[in-house]
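S.K.: Right, I'll just put the structure down here and ask away after.
Residue numbers (our numbering): 48 to 484.
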């Protein structure tokens, strides 16, 4: 990977794109350190040792959520809006037709998604404001009392609009990366936020190790688990199921085409990190709703929201179901077995032992279903392993709350691999094949 990046720097056009992407990431990191007006969260608002969902949001935003900065919402509103639009595209026929209209249709859907992200950003910013206020992180008057009347409304409006504007700015910066940089802009910003938390994670592991006792074994095992997850993700990302295809010979003019044996590759992890991101975003809804209210401990609502704590078994179970669901959903959106079978027949291709037409589409559908399930299960193993590890260590009374490490590792490695692939493909397009040898 490092060799590919070094080779890309030798190409002037790619070097400009890489530097442009790095500049956008720098803007994101600067914005993640600028506090929102009228807030006082310089000491952090989240218990970093806890395995709750707020820690997850802090991780996804590069600690911006923890310190109440202008990028505290990051690009989570856009992710939620994308999930909603993809679900509605399947459920609502007009949106489905719009998605099939080619480039113009996709532009319209992107525009609608952008507007939906701004609305969701306003809602999440409102929830975050109440979370700050309930936690006592909103600045008060000199006497120590909260502002009232018109100034309190002005204060709330300034905080909410600043947070929503920060989220909208990040969405725009992500789109600039798509047009002028390298990789998917939204994924790159998400990647930058997660990578910025690596020093914090290492410090946390060292603090556990310094406590002594069982932590002398637990902390190194946790580090090894993360490294093994990286290796496992790379292996899974490169794994594929190859369906054999034979093309019949055909004569076009004076030339003969076909008569060759090839294969149709289907990746085991065909949906990448999207099921994990989608599942995590869905699970963020209950904690977001909880921000709006000050719930009494021991009440029914408190017990309900506790189910969605990252250290709870229900969270792990529901997380597992959501990953399976979104893996199948994303595979359905990406692959159309009927269209794949028709394309094979048009090009005089066939799968050995399978008749063209409906039998071929049924066979491809069966293969896709099995591969999707396998890929979803592998993703679930990675996402849930740290949660299970935290539960196991808690049984000894020496709990290690690394329950959100699997999600971050999957996103980080997946985005890195996808970005490197884009670099390689662009170098190949520019006839710099020698750089990849």
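By construction, the Cβ of each residue, glycine as well, lies at the ideal position given by its N, Cα and C atoms. For clarity, every value in this text was computed on a predicted model and none was experimentally measured.
Given this structure, state the Cα-to-Cα distance separating residue 255 from residue 430, to the nearest angstrom.
M.R.: Here residue 255 refers to the residue found at position 208 of the chain shown. Here residue 430 refers to the residue found at position 383 of the chain shown. Distance between the alpha carbons of residue 255 and residue 430: 22 Å.
S.K.: Alpha helix (DSSP H) containing residue 171: first to last residue?
M.R.: To locate residue 171, count along the chain shown from 1; it is residue 124. Looking at the DSSP string, the run of the alpha helix (DSSP H) that includes residue 171 is 150–181.
S.K.: I want to know whether the segment 199–216 touches the segment 79–91 - three or more CB-CB distances under 8 Å.
M.R.: The answer is yes - the segment 79–91 touches the segment 199–216, with three or more Cβ pairs under 8 Å.
S.K.: Between which two residues does the alpha helix (DSSP H) holding residue 64 run?
M.R.: Against the chain shown, residue 64 aligns to sequence position 17. Residues 59–78.
S.K.: Using the three-state DSSP reduction, which class does residue 319 fall into: helix, strand or coil?
M.R.: Indexing the chain shown from 1 puts residue 319 at position 272. Residue state, collapsed to three classes: coil.
S.K.: For residue 115, name the three-state secondary structure that DSSP assigns.
M.R.: In the chain shown, counting from the first residue as 1, residue 115 sits at position 68. Reduced to three states, the DSSP call for residue 115 is coil.
S.K.: Is residue 106 buried or exposed, if buried means 16 or more other CB atoms sit within 10 Å of its CB?
M.R.: The sequence position of residue 106 within the chain shown is 59, counting from 1. Its Cβ being crowded by 16 or more others within 10 Å, residue 106 is buried.
S.K.: How would you write the range of the alpha helix (DSSP H) that residue 312 sits in, first residue to last?
M.R.: Along the chain shown, one-based indexing puts residue 312 at 265. Residue 312 -> not in any alpha helix (DSSP H); beta strand (DSSP E) instead, spanning 308–314.
S.K.: Among the candidates 365, 308, 313, whose CA atom is the shortest distance from the CA of residue 328?
M.R.: Indexing the chain shown from 1 puts residue 328 at position 281. For residue 328, the nearest C-alpha among the options comes from 365.
S.K.: For residue 109, which residues in the same chain have their Cβ closer than 6 Å to its Cβ, ignoring the five residues on either side in sequence?
M.R.: Translated into the one-based positions of the chain shown, residue 109 becomes position 62. 79, 240, 243.
S.K.: Hey, could you find the ends of the beta strand (DSSP E) residue 292 is sitting in?
M.R.: Position 245 of the chain shown, counting from 1, holds the residue named residue 292. Unbroken beta strand (DSSP E) run through residue 292: 287–294.
S.K.: Which partner residues does residue 185 have in the DSSP bridge list?
M.R.: What you label residue 185 is simply residue 138 of the chain shown in a count that begins at 1. In DSSP, residue 185 forms a bridge with 86.
S.K.: Can the beta-carbon of residue 211 be found closer than 7 Å to that of residue 169?
M.R.: Within the chain shown, the letter at position 164 stands for residue 211. Within the chain shown, the letter at position 122 stands for residue 169. Contact flag set, yes.
S.K.: Please state whether DSSP places residue 347 in a helix, a strand or coil.
M.R.: Counting from 1 along the chain shown, the entry for residue 347 is found at position 300. Helix.
S.K.: In this structure, does DSSP put residue 232 in helix, strand or coil?
M.R.: The residue given as residue 232 occupies position 185 in the chain shown. Looking at residue 232 - three-state DSSP - the assignment turns out to be helix.
S.K.: Under 6 Å Cβ to Cβ from residue 228, same chain only, skipping five residues before and after it: list those, please.
M.R.: To locate residue 228, count along the chain shown from 1; it is residue 181. Cβ neighbours of residue 228 beyond the five flanking positions: 64, 67, 68.
S.K.: DSSP puts residue 55 in a beta bridge; with which residues?
M.R.: As a position in the chain shown, residue 55 is number 8, starting the count at 1. BP columns for residue 55 are empty, so no partner.
S.K.: So, are the CB atoms of residue 322 and residue 214 less than 7 Å apart?
M.R.: Locating residue 322 in the chain shown gives position 275, where the first residue counts as 1. Locating residue 214 in the chain shown gives position 167, where the first residue counts as 1. Not closer than 7 Å, so no.
S.K.: Report buried or exposed for residue 238, applying the criterion of at least 16 other Cβ atoms within 10 angstroms of its Cβ.
M.R.: Indexing the chain shown from 1 puts residue 238 at position 191. By the neighbour-count rule (16 or more Cβ atoms within 10 Å), residue 238 is buried.
S.K.: Taking the alpha-carbon positions, what's the residue 385 to residue 361 distance?
M.R.: In the chain shown, counting from the first residue as 1, residue 385 sits at position 338. In the chain shown, counting from the first residue as 1, residue 361 sits at position 314. Distance between the alpha carbons of residue 385 and residue 361 is about 38 Å.
S.K.: Would you say residue 92 and residue 183 are within 7 Å of each other, going by their C-beta atoms?
M.R.: To locate residue 92, count along the chain shown from 1; it is residue 45. To locate residue 183, count along the chain shown from 1; it is residue 136. For residue 92 and residue 183, no; Cβs fall outside 7 Å.
S.K.: Under 6 Å Cβ to Cβ from residue 464, same chain only, skipping five residues before and after it: list those, please.
M.R.: Position 417 of the chain shown, counted from the start, is the residue given in the question as residue 464. Only 284 meet the Cβ criterion.
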